[in-house]
Each structure stands twice: as structure tokens, then as C-alpha cells.
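Residue numbers (my numbering): 2 to 635.
C-beta atoms are modelled at their ideal positions from N, C-alpha and C, and glycine is treated no differently.
In what follows, a structure is listed as C-alpha cells, so that the remarks can point back to it.
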């Protein structure tokens, strides 16, 4: 119920109670006044008769019964509208204007008579035993010495006359009170409406504030209390709006920070369920490193509610979260994740596809610096760092091994040649071994120097227009001798309708194709064939080397372009080579703004492809600029 209605009801109730009290008080006052007036009038009339009665009796020389006196009293009673009773000193009724005295009992014990006998005057209000109605009486004791006694003259009037006057008074008073009450209620309603109008304004403004709209302001001048409340409400809204803007700004700031972070961030509750995640965490967890498996904008919601054990399945991480949530300090663990698999099965099936995360766990404190059971997890994908570390270790071990073997051979045979007498045949044999191992070392060093130069971002190789036919011809010429040793055929296929070739470094591109061709010959069976293709496809050129050799296991395809990586180490070393050929191929492709890919199936063969842009980006930029210049002139 509204305040206005409550106030109106309270006012009406108060007015009704006041009116009732007024009516009651007025009725009592009117009754008392009328009774007092009647009593005074009766007393005056009674005194008058008390003075007249002795004179009447003397004038008529009569005693009771006296007809002339009775007639006088009858006329007086009728004219005055009162009841007149005369009682002698023995209580015997000598005269009564309303009843036969002979039929009336003794009145000595009537209250007013007894009081008049004792005090000279008496008064009472009681029910008449004769008339059976409530009467008000006034009695006076009269001495009549000539008649030899005292008499009591009593005058009475019925109280029903007072009730009639009272009803008439109420009939006049009630309409006036009702009209007055209606006027007061109307005026009160207008006053309440005037008073509650600013309150309604404040309530409407507060409702809009509660709905989130802090723009409206209240302007109230009176009363002073509501004016202060209005000003306070306006200040509160202004302060609240400022704090909301600050919170939104902080939220955007923190969201931007979370969005731009390369580290994954998770907020975990007491049940170790995720309640907040950034998009880096989504990319690492849901996509597992890919970019197309989920929609980025919707991805964070896919993590909400999931448990850490369900995602990582790492007991050490779960323990670290529990310890941190219990206030035992932040923790760091390294977690290896095998996609959706866990345990020993994951290690077997997911070998080569695992991802390694460095995870840090920190507790969240409330405003009183108490731990609330929530923790923040930040984790970084260090899979590539681990692989690079492993590559570095393998590189050092492989370089050491590759150089150690020929150095050992060179050192051993050199000692034999220097310390013992060796015939010409052995000397020639040992010299060839030393020469072969020296050339092997020189090849390793040359390949390492080539890789170093390819990785140097400050160096730019010389580019020129190269014919696809010429590139494949030179490649075949360089590997023909090795193919003849295994009785293999080399097939060339060129598809370049425009014969514009490719803009590239001729020597590096031939080196890359030679490396692919040598590998194809090396790992193919004797008598097999190797196909070399060059095909122009729009703005790209694709070089392919296809063999039908032993193929490459699928788990090794991601690592074959690493330095010194060998699928079959024993066979690779027996076949010769430095283990750097495919790494050089990859760097040559990248240097030309292209890429290299491989498709292979064990037992069926492999296909290595180098895809390069037909023209260098600088040539394309110059051609575009030239078109703009000449189009402006025209």
C-alpha cells in the first residue's frame, strides 16, 4: 500500500475517532447541561410553590383535602409540564398531579423527601414507582405553623424529555460533523498529495536507479528534509555512476590484458571447477594448438564448469591446487597433456603429439586477506621450447658424433702412416680412407655454414628469373651419377605454359632439389624410378620429388626437417649423408617466401613438394607502384 493511502486511512481513522469522541463529549455535556438546567428550573418552581402553598391554604382557610388548592396545583402542573406532589411530615401523599394520592404508598423513604426532611431541600434522579418512568425530582420542606405541621413540596420532570432534546441535538450535530469531516478529509487529501508528490518523485527516481538508469536527477525544494534526501540521492547516483564507469573501465582493461596474454589463465573455485578462462587458455586446451576446431568468441564458455582433473588429468597439478587453496603458498608444476587421453594409454597412443605446459598456481584472497578457496592458474605452452631444447641436445650430440667418426678414422690412419712402415698399396688405401672422411667432415661443415647463412635474417640472396626446365635439368645432372649406381631412372615433368619460370636464387633452389632427389634415390630400392615435377599454378610454382621407396612413418613427419634427425639412424649412416639436407630444403623454401610439405606412406613412397611464389614480393610491389605511376600520367 502506498504512503498516500496509508496516511489518508490514518487521518480518516483519527478524524472518525475524534468525531466520535466529540459526539460523546457533546452528548454528555448537552445531557449534563440540560439536566442541570432542568434541575435548576425545578428548584425555582419548587421554591415558588413552597412560598405560595401556605398563602393558598390560609387564603382558602382550608386543609387537605382542599379542592381550590388542588385545582390551582393542577393548573400549574399542566402549564409547567411538571409533576407536583405534596407529602406531609409522616410521608403520606396529600396531593399528586399525576396519580390518586389514596393509591400511592408512603413517600417518607423517597430519597428526595428524606433529604428535604433532613436538610430542607432534596434532589434525586430515579425511576418513579408510580409512573414507571425515570424522573428527576426536587423537594423543599415547607413549615405551616397555623396548620400545625410541615409538608414537603416535590416537583418532578421525566428524563424522557431530556432524551428527546438530546436526539434533536444529535440530529442537528451529526450532519454538521459529517460535512466537517468530508471537508477535513478533502483538505487532508490535498495536503497529503502535496506532501507525498516529492516522495513519489524520489521513489520513481530510485526505481530507475535500481533498473540501472542513473541519468535522472530530482529537484525538490520543500520540505527541507526531502530536499536533503533528494540532494543525497543525486550525489549517490553520481558517485555510483562514476564507480560503475570505473568498474567497466577496469573490466575492459582486465579483459584486454587477459585477451592479449599469450599465457592461459583459469580461475578455479573450491570444487576445482573453472569459473573463468581467457582465450589463450581456450586455444591451448580446446584447440590443442590448432586454429579451426572451435569458434573463438564462444570458446571460453565451453570451459566454464569443467573440472581441472577432467582437462589435465594430472594428479600433481590437483595436489598443487589443493595446497595453494589451503594457504600453503603458490606452486609450479609441469604438466604433459595428450589431448583428451590420460594415463599410460595416453603416453603410448599420444606419443609425439603431447603438449607440455608450465603451470603456476596462486591463491585469491578476499578483502580481509583471507583465502576464499579460489585459485588462479596461469600456464604456458612450452612444447616448442621443449622440442627446441631436445633439438639443441640432438644437434650437439649429432654434430659430435658426425665429426667424431671421421676424425677418429683420420686420426687412427694418420698415426699408422706416421709410425709404421706401410707399403704403397696400404698407403694408397689408407690415404683414400682419410680423404673420404675429410670430405665427409667438409660436407658437414659446408652444410652447417649454409644453414647458418640461410638463417641469417640480415642477408638477402641474389634473385633472378630461373627457367623451370633449367632447374630440373641441373638437378638431374647433379644426381645422375648416384641414380646410375642403383640402376634407377629419373623422370622430369615441366608444366609452365607461359614459360616465365620463377624468380629465385638459382643455386639455392638447385641445392634444395638436389637434396630431395638424393634422399629419394637413397631410400628407394635398386631399379626404381624417381619423378621430378615443376608446375606453375597461377602465382605459385610447385616443385615435387616423388619416389616409391620405403616411406616415412607418420609420427616422424613433424620432425624430419629438424637438423640431424634420422628416421632410421643405422640405415641413414650406412647410406652416408650429413643429416642436414631436409633442414636446408626447409630454410631455402622459407627464404623464398614459400613452404615445403611432405606426404608419405610406409612401404609405398614419399612426395616432397616445394611451393614458391612465382615472383618475389619486392618485384610485385615495384610492378604495382609502376602501374600506379603510369595510370596517373594517363
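Could you please give me the residues that DSSP links to residue i through a beta bridge?
i           : result
residue 598 : 610
residue 138 : 125 and 157
residue 86  : 97 and 155
residue 381 : 359
residue 333 : 361
residue 274 : 308
residue 543 : 536 and 612
residue 480 : In the DSSP output, where bridge partners are listed per residue, residue 480 has none listed.
residue 491 : 531
residue 150 : 145
residue 496 : 536
Output needed for residue i: all residues of its chain with C-beta closer than 8 Å, excluding positions within five of it in sequence on either side, in chain order.
i           : result
residue 423 : 417 and 431
residue 552 : 601, 602, 603, 604, 605, 606 and 607
residue 375 : 268, 269, 270, 271, 276, 326, 364 and 365
residue 515 : 476, 479 and 480
residue 554 : 568 and 603
residue 178 : 20, 23 and 24
residue 121 : 141 and 142
residue 586 : 513, 516, 517, 562, 597, 609 and 611
residue 305 : 275, 276, 277 and 278
residue 499 : 537
residue 527 : 487, 488 and 489
Using the three-state DSSP reduction, which class does residue i fall into: helix, strand or coil?
i           : result
residue 535 : strand
residue 615 : coil
residue 291 : Because residue 291 carries a pLDDT of 45, less than 50, the predicted location of this residue cannot be relied on, and no value is offered for it.
residue 280 : helix
residue 265 : strand
residue 408 : helix
residue 425 : helix
residue 420 : helix
residue 466 : strand
residue 313 : helix
residue 504 : strand
residue 228 : helix
residue 581 : coil
residue 15  : helix
residue 593 : coil
residue 165 : helix
residue 413 : helix
residue 558 : coil
residue 212 : coil
residue 220 : coil
For residue i, I'd like the list of residues in its chain whose CB is within less than 7 Å of its CB, leaving aside the five on either flank, ordered along the chain.
i           : result
residue 206 : 217, 219 and 234
residue 48  : 141
residue 466 : 502 and 504
residue 411 : 435, 438 and 439
On a Cα-Cα basis, can you pick out the residue from the options that is closest to residue i?
i           : options               : result
residue 365 : 269, 450, 189 and 470 : 269
residue 504 : 463, 532 and 208      : 463
residue 57  : 73, 334 and 473       : 73
residue 229 : 203, 208 and 248      : 203
residue 181 : 391, 17, 51 and 102   : 17
residue 508 : 427, 226, 160 and 590 : 590
residue 50  : 81, 31, 37 and 20     : 81
residue 160 : 107, 37, 550 and 211  : 37
residue 358 : 112, 336, 91 and 328  : 336
residue 157 : 559, 285 and 45       : 45
residue 263 : 383, 429 and 557      : 383
residue 385 : 105, 97, 409 and 285  : 285
residue 309 : 496, 256, 215 and 377 : 377
residue 42  : 529, 265, 83 and 251  : 83
residue 241 : 227, 211, 252 and 224 : 211
residue 257 : 280, 95, 246 and 433  : 280
residue 361 : 322, 104 and 106      : 322
residue 534 : 558, 302 and 494      : 494
Just to confirm my understanding: we take residue i, look at its own chain, exclude 5 residues before and 5 after, and list those with CB closer than 6 Å. What are they?
i           : result
residue 484 : 491 and 522
residue 138 : 113, 125, 155 and 157
residue 92  : 107, 108 and 109
Spell out whether any CB of chain C is found under 9 Å from the CB atom of residue i.
i           : result
residue 493 : Of the chains in the structure shown, none is chain C; there is only one protein chain.
Worksheet item: Between the stretch 8-21 and the stretch 183-192, are three or more C-beta pairs nearer than 8 Å?
Response: Yes, since at least three Cβ pairs between the stretch 8-21 and the stretch 183-192 fall closer than 8 Å, the two stretches touch.
Worksheet entry | Stretch-stretch touch, CB-based, cutoff 8 Å, three pairs: the stretch 235-255 with the stretch 272-285 | no
Item to complete: Please confirm if the stretch 554-567 is in contact with the stretch 534-545, defined as three or more CB-CB distances below 8 Å between the two stretches.
Response: no
Worksheet item: Is there contact here, the stretch 23-39 with the stretch 103-123, by at least three beta-carbon pairs under 8 Å?
Response: no
Worksheet item: Any chance the stretch 153-160 sits against the stretch 82-97, with 3 or more Cβ pairs inside 8 Å?
Response: yes
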